[in-house]
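As numbered in this note's numbering, residues 3 to 196 make up the sequence shown, in order.
Reviewing the structure listed below.
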Amino acid sequence: MRKGKVQYYNTLYQITRTITSTLDLDEVLKLITENTVKTMGVKACSIRLINEDKKTLRIASAYGLSEDYLKKGAVEIDKSLIDAEVLKGNIVKIKDATTDPRFQYPEEAKKEGIKSVLCVPLQLKDRIIGVMRVYTDKPHTFAKSEVEFLTALANSAAIAIENARLYDLLRREYSKLYNDFMQWYDSWSVAVSR
């Protein structure tokens, strides 16, 4: 087995262990983006999630990108042909982000030193919740193994995001139920003591 594939499996194993042992979404997403960069040997990685308005993508985690690049503006789905395509469930490979007309911020990509980009959907069964990207600083043709690895990581990220969402929902429901019960108990206590 090639060294690259062993690294891919080790990274997937570490991320899966973290997902199953913590509900801290920020920690999991940071681990995913950082380890993606280190394992694939790319410049940077980002995870963006669809906002409630369904019109923009917000940054959930990034590694290797400058603050200036991250603050460049919202990724508007209708203006980012790349993300619109990925949100349909397709994988998009960009050879040169500075000249590809589908890239929303080519000038900012040039300033950041971004050349090639690989984008995959964050998918839960039949629902896509965001986009995961890796960026290189040199022209690169992404291999099938790189696409498969990033897709596996994106699926892991989607599971972690869904787990955190469900946990938060459960926590809020429990809190509401507890508060309702305490109100009822207080009312009942007052009524019984009369």
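The beta carbon of each residue, even a glycine, is placed where N, CA and C say it ideally should be.
Computed from a predicted structure; not experimentally measured.
Less than 7 Å between C-beta atoms, sequence neighbours within five positions excluded: which residues of the same chain meet that for I79? K57, T58, L59, D85, A86, L89
From G43 to K32, what distance separates their C-alpha atoms? 16 Å
Given a threshold of 16 other Cβ atoms within 10 Å of its Cβ, counted over all protein chains shown, does M184 qualify as buried or as exposed? exposed
Check whether A46 and Y137 have beta carbons under 8 Å apart: yes
Where A193 falls, given that 16 or more other Cβ within 10 Å makes a residue buried: exposed
DSSP beta-bridge partners for K140? DSSP output for K140 lists no bridge partner at all.
Neighbourhood of D26 by C-beta, 6 Å cutoff - its chain only, sequence neighbours within 5 removed: none
Tell me, which residues are paired with E78 by DSSP? T58
Can you look up L89 in the DSSP assignment and give me helix, strand or coil? coil
Quick check on DSSP: helix, strand or coil for V30? helix
Decide yes or no for the touch test of the segment 109-117 against the segment 139-156: beta carbon pairs closer than 8 Å, at least 3 of them. yes
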